[in-house]
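Taking it in order: structure first as structure tokens, then the write-up.
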Amino acid sequence: MNNLAYKRETFRDDYTYRNSPAAIRRFPFPFAEDHYMYSVNIEQHQPGAPGSIVEHAFDIDEHYVSECKDKLLTLAQDKGRYAALPHMMDAQWDFLELTMESLARDYPQLFTLTKDVDHWTWRNRPLEIEDSFIFGDASTLPLEPFDYMGRQVQGDFVLLDQREGTLFADAGFITSQADWSLAFDIGMSWHEWHGPVPQVEKMGIMDRALKFLMSLQQGSPVRRLNWTMTINPRLDTSPEHFPEWGPDKLTVTPQNAGEKAHLRVELQSMFRLPRSNAILFSIRCYLISLEELATYPRWAKRFHRVLKDLHPDLLEYKGIKVYHEAVLAWLSQHDDGAEIAAGTHPG
Amino acid sequence: MQHGYWIRSKPVYHSLSWQHRAQAHVLVANGEAGRSIVRLLHQRLPDQPITVLYHPTQEADYSKSLVSLAGENLHVFKRESELWHRFEQILQQSVMGTRLYAAGNEYFLWQATTLAASHGVLSGDVMREQASSLARSVYCVHCKTISHRVTTNIAICTGCQRHLLVRDHFSRRLGAYMGLMIDAEEPGNVPEAEEVYP
Amino acid sequence: MSALKVIVSAIEQVADGICHFTFAAADGGELPGFSGGSHVVVSMPAHNRTYRNAYSLLSSPADRRNYQIAVRLQEQSRGGSRFMHEQVKVGSRLDISWPVNLFPISRVGHKHILVAGGIGITPFMSQVHELLRTGADFELHYAFRSPQYAGFIDQLQQLLGKNLICHDQSQRQVLDLQALLSQQPLGTHVYVCGPAGMVDALLSTAYELGWPDAHVHHEEFLAPPIGEPFTLRLKQSGKSVEVGAEVSMLEAMEAAGVDAPYLCRGGACGRCELEVLATDGVIEHHDHYLSDAEKGSGKKIMPCVSRAKCSFIELNL
Ligand code: HEM
Ligand code: FES
């Protein structure tokens, strides 16, 4: 996607966000089967098919400019969305290097990076940014390196320090989270920040996933999908701003669910970073309304079945309970009960 | 209110016991938890030097019993801030092998741990015993104020006056549980609060 | 795991039986950055088999043009160090793994004591560069039999000055661990790499003095995953697949055109689980997925990381 026509759209107030037909087609629909439960669904993050969301290390799409604008609005309202503990400075530079090198390599028409030893120049055409700085010298950048690039890549980012046999969430840039708080979770260890997730304990999921990540290697990033639902195409579904988006959950009816209710899918990718030995956890959020989803009937059918028998703890945790009935009623129109073959493909 | 499963961020505490492999021992305690230190001082004492820092509160003052047991190793502080000041000085002068013990209400325990962490002491290096009261400190995720001595499952934030649901999710760095506006979806719909953390 | 292609750009004999190799990226570009304490696994294609040994990176992590390693010729060499000393020349091409760090400096530590014995100095070479760059408070204690066994001593003296403390055993300078470890400020971390006796002595001294375990670090090399060859019999397809010593069961099946499931290839996700029908040996489980009971039953295997010590194993596939 090198010649993107960026859409001017909003993720709040009048919510003008929509997906083009091409964006719907490449949407990361996460359900290969009619039933869903948590699992350690981790796979190698290797470059995928051209045009797909995993073609590149970091996906830049038609929402890029508007999403970056929304990040600035959220940061301006709440400074706690960016935080980095002092020992994470090497990881910050690693993040800047990885994102700049990846974007410049994968989208040369949009981004360029020129290096003269430690003198780097970064050009971001869509956002009209150009800066020269000395790599490793934070005083030569307008913001801390992680903050600087966190604003220029779609998605949320956590930097994890590995020590004492676990991972610590010691830095984060979080403006599009599915209801968790960076200001509260910063500095927590793996099992602490995952504490609220139901049902995983007895399956040993978190222990296995942690062991796997602890031996994650540079050059072999991995990814997984996670999902939830959001009412209205809102990126900032933070607990901080819950009073702003919470009431929307009660406005869903079987009539308006197609337009209001969105499937929210996170492409989460994990990279071992070079100098800091930290792990980058990137959370790229994709939103699609049920109406858009129903462009492909097998997606609507499948989602109906997944939601119908979702474990009650997951319904509660993901905050779906209050509008569950309304959403099921809307989706049921699209489900004729016929069997669907396994797989996540649209058509 | 919670979903009937254990949230793993909620700390588990143990009663203090001496770590006999050590170079020195430093104990900090407040109020009611003075009793834990009294109990500890009745056990077989380690060979290395012991220092006790204690802040009595209105509810409980164990200074007398502590003086008789610890003598001049005991330092009693009228204000909690003075205790932290002295603790900080001790941390600065201490060597590896100095064992740290904290006894008090939950917020006190994590203040001690956080202060020690600023001297490179890891969370796991500090032993912690919670005093008998289970009262919680609650962090308002909306206005970022911490309200103390909460004993109910729903509390009014001392910063923004919202009604907060007190979750089991705990931040060691803040020494507090997460509080989330309970009637955010339906303003005014606030269930009756129940006393659950006596 | 993708390998890095490198070309040997210099070889230097630095001490008796120790050679110093410099690698550059084969495509002339930059090599990946790394953190202090990292190692790479070098693949050495000898005529009958490929050896894989792990070597600490000695160079400055800031320098992405070169990597440096030191290889000591081992008398009872498994073949790897002999290959490096005898077969590898300037201009030779080699495959190495991406850098891996199992011996990192704690980023929350306030002071760092590095203790090296003999050739155990190697993982500290990159660490001292990192510590100097970050301005951390640290000292390096280097114990050796006599000066001719003290590799890198000149370079270290130049870099570290007073922060290098040498313990030359031929001069009866012994490293007094008790004295060293009883006087360190709170927040100190100690790191040791050297002969087993020295590592054990340090660990037990620290323990007796009341150092918490999380402040005491020692180098552990992960043994490169080698095993013995065996035969896989696949019940459903009737195929027979040879698993070489160097490849995993999963890789062997893929090479033989068998469509076996996988996701993580690291023993965590559970996707590749296969049912074991029979074997004449024992399964070596290396995964984090199966429970101890399942491992004990011998009925399941995760072919992405596990293998068997046997002549054959039969799977329900
Ligand atoms: C290393 C980077 C990771 C970070 C920083 C991270 C962070 C988080 C956070 C903050 C939450 C929300 C918890 C809350 O409710 O407060 C969460 C949820 C969750 N995480 Fe992770 N996570 C990571 C990796 C993983 C991995 C590798 C797995 C694989 C199994 C995983 C599985 C889950 C699951 C199942 C949930 C519940 C999500 C839902 O139902 O919407 N996480 N994670
Ligand atoms: S592929 Fe994940 S456990 Fe083997």
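Chains as they are written, first to last, in this note's numbering: chain A, 63 to 409; chain B, 15 to 212; chain C, 7 to 323.
C-beta atoms are modelled at their ideal positions from N, C-alpha and C, and glycine is treated no differently.
Residue i in three-state terms, based on DSSP
{"i": "A/TRP242", "result": "coil"}
{"i": "C/ALA229", "result": "Below a pLDDT of 50, predicted positions are generally treated as unreliable, and C/ALA229, at 45, falls in that range; the measurement from the model is reported next regardless. Reduced to three states, the DSSP call for C/ALA229 is coil."}
{"i": "A/ASN64", "result": "A caution first: A/ASN64 carries a pLDDT of 44, below 50, which makes its placement in the model unreliable, though a value can still be read off. Three-state result, A/ASN64: coil."}
{"i": "A/THR406", "result": "coil"}
{"i": "A/CYS130", "result": "helix"}
{"i": "A/VAL314", "result": "coil"}
{"i": "B/GLU209", "result": "strand"}
{"i": "B/LEU41", "result": "strand"}
{"i": "A/PRO305", "result": "helix"}
{"i": "C/GLN206", "result": "Per the sequence shown, the amino acid found at residue 206 of chain C is Asp instead of Gln. If DSSP states are grouped into helix, strand and coil, C/ASP206 belongs with the helices."}
{"i": "A/ALA271", "result": "helix"}
{"i": "B/LYS78", "result": "helix"}
{"i": "A/GLN224", "result": "strand"}
{"i": "C/MET90", "result": "helix"}
{"i": "A/ASN81", "result": "coil"}
{"i": "C/LEU321", "result": "strand"}
{"i": "B/ARG100", "result": "helix"}
{"i": "A/MET332", "result": "strand"}
{"i": "A/TRP255", "result": "helix"}
Cutoff 8 angstroms: residue i Cβ touching any chain A Cβ
{"i": "B/LEU54", "result": "no"}
{"i": "B/VAL204", "result": "no"}
{"i": "C/ARG239", "result": "no"}
{"i": "B/LEU114", "result": "no"}
{"i": "C/TRP217", "result": "no"}
{"i": "C/MET7", "result": "Residue placement at C/MET7 is flagged as unreliable, the pLDDT there being 49, under the threshold of 50; a coordinate-derived value is accordingly withheld."}
Check: residue i C-beta below 7 angstroms from any heavy atom of ligand 4
{"i": "A/MET332", "result": "What this structure holds is ligand 1 and ligand 2, not ligand 4."}
Cutoff 8 angstroms: residue i Cβ touching any chain C Cβ
{"i": "B/MET141", "result": "no"}
{"i": "B/LEU105", "result": "yes"}
{"i": "B/THR127", "result": "no"}
{"i": "A/ALA403", "result": "no"}
{"i": "B/LEU136", "result": "yes"}
Member of the options whose CA lies at the smallest distance from the CA of residue i
{"i": "C/ASP143", "options": "C/LEU166, C/HIS116, C/VAL121", "result": "C/HIS116"}
{"i": "A/ALA67", "options": "A/ARG74, A/TYR77, A/PHE230, A/ALA84", "result": "A/ALA84"}
{"i": "A/TYR203", "options": "A/GLU328, A/LEU158, A/LEU325, A/LEU376", "result": "The sequence given here places Leu at residue 203 of chain A; Tyr does not occur at that position. The shortest C-alpha separation from A/LEU203 is found at A/LEU158."}
{"i": "A/PHE365", "options": "A/ILE191, A/HIS125, A/PHE274, A/VAL389", "result": "A/VAL389"}
{"i": "A/LEU329", "options": "A/TYR77, A/PRO188, A/PRO283, A/HIS373", "result": "A/PRO283"}
{"i": "A/ALA233", "options": "A/GLY308, A/ILE191, A/ASP156, A/ASP168", "result": "A/ASP156"}
{"i": "C/GLU234", "options": "C/HIS294, C/LEU63, C/GLU252", "result": "C/GLU252"}
{"i": "B/ALA36", "options": "C/SER132, C/ILE307, C/SER188, C/ALA261", "result": "C/SER188"}
{"i": "B/THR71", "options": "B/ASP61, B/THR65, B/PHE91, B/VAL52", "result": "B/PHE91"}
{"i": "C/PHE350", "options": "C/LEU120, C/SER15, C/ALA68, C/VAL249", "result": "Residue numbering for chain C in the displayed model covers 7 to 323; residue 350 of chain C lies beyond these limits and cannot be assessed."}
{"i": "A/LEU287", "options": "A/ILE115, A/TYR79, A/GLY249", "result": "A/ILE115"}
{"i": "C/LEU208", "options": "C/ALA185, C/ARG113, C/GLY193", "result": "C/ALA185"}
{"i": "A/PRO92", "options": "A/ALA362, A/LEU393, A/PRO148", "result": "A/ALA362"}
{"i": "A/SER105", "options": "A/ILE350, A/LYS131, A/PHE333", "result": "Reading off the sequence, residue 105 of chain A comes out as Glu, not Ser. Nearest of A/ILE350, A/LYS131, A/PHE333 to A/GLU105, Cα basis: A/PHE333."}
{"i": "C/PRO218", "options": "C/GLY302, C/PHE236, C/THR194, C/ARG239", "result": "C/THR194"}
{"i": "B/ILE64", "options": "B/TYR76, B/ALA74, B/HIS34", "result": "B/HIS34"}
{"i": "B/HIS89", "options": "B/ARG163, B/ILE51, B/MET192, B/ASN203", "result": "B/ILE51"}
{"i": "A/PRO112", "options": "A/LYS133, A/VAL102, A/ASP397, A/ARG87", "result": "A/ARG87"}
{"i": "A/ILE438", "options": "A/LYS69, A/LEU165, A/ASP75", "result": "Only positions 63 to 409 of chain A appear in the structure, and residue 438 of chain A is not among them; the question remains open."}
Opposing strand residues paired with residue i [DSSP bridges]
{"i": "A/PHE235", "result": "A/TYR144, A/PHE219"}
{"i": "B/SER146", "result": "Answer by DSSP bridge pairing: none, since B/SER146 is not bridged."}
{"i": "A/MET291", "result": "A/LEU325"}
{"i": "C/HIS45", "result": "C/SER62, C/VAL106"}
Closer than 8 angstroms to chain B by CB, residue i
{"i": "A/LYS141", "result": "no"}
{"i": "A/ILE248", "result": "yes"}
{"i": "C/PRO230", "result": "Any reading at C/PRO230 is ruled out, since the residue's pLDDT is 43, under 50, leaving its predicted position unreliable."}
{"i": "C/GLN189", "result": "yes"}
{"i": "C/GLU145", "result": "no"}
{"i": "A/LEU312", "result": "yes"}
Practice item. Any chance you could list the beta strand (DSSP E) runs of at least 3 consecutive residues sitting entirely within the segment 99-130 of chain C, in chain order? Key: 99-102, 117-123
**Study point:** Sequence ranges, beta strand (DSSP E) only - wholly within the segment 115-197 of chain B, length at least 3
**Key:** 140-144, 150-154, 160-164, 168-170, 177-185, 190-195
Exercise for review: Mind listing, in chain order, the continuous beta strand (DSSP E) runs of no fewer than 3 residues lying wholly within the segment 238-277 of chain C?
Suggested key: 246-249
Practice item. May I have a chain-ordered list of the alpha helix (DSSP H) segments no shorter than 4 residues that lie completely inside the segment 148-186 of chain C? Key: 159-166
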